[in-house]
Amino acid sequence: MAIRSDTAGKEKGYLQDMLAGDAGCVLEIGCGDGRLTRKVHDRAQGVVGIDLPEALQPAAFADLPNARCLAASATALPFRAACFNGAIFALSF
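Per the numbering used here, the very first residue in the sequence shown carries number -5; after that it's consecutive.
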């Protein structure tokens, strides 16, 4: 399967429409380099990105004051139930 880039620039619009209004706190599963986090961080009160330790790139979040990243697995989320207002789970396989 080939992974295509967002050549038309539509991805940010889709994500922001999905998080219309005050998005509250958003979880990004499989955050890697923070590419999607950057596209939604201005719409959310906070963004928490998780990824496996070998894929996590904490430096990518350094300039995002309302975002943080954690080493964690999507199969064992280290959060209490219903603590996020939304979640992004894209290109994580």
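Idealized CB from N, CA, C, for every residue including glycine.
Taking residue i as part of the alpha helix (DSSP H), name the residues at either end of that continuous run.
| i | result |
| --- | --- |
| residue 32 | 29 to 34 |
| residue 9 | 5 to 12 |
Considering only C-alpha positions, which residue in the set the options is nearest to residue i?
| i | options | result |
| --- | --- | --- |
| residue 69 | 24, 41, 29 | 24 |
| residue 45 | 72, 37, 59, 60 | 72 |
Excluding the five sequence neighbours on either side, which residues of its own chain have a C-beta within less than 7 Å of the C-beta of residue i, listed in chain order?
| i | result |
| --- | --- |
| residue 5 | 33 |
| residue 49 | 26 |
At which residues does the beta strand (DSSP E) containing residue i begin and terminate?
| i | result |
| --- | --- |
| residue 45 | 40 to 45 |
| residue 80 | 80 to 82 |
| residue 63 | 61 to 65 |
| residue 19 | 19 to 23 |
Using 10 angstroms around the beta-carbon of residue i, count the other beta-carbons present and answer buried if the total reaches 16, otherwise exposed.
| i | result |
| --- | --- |
| residue 83 | exposed |
| residue 37 | buried |
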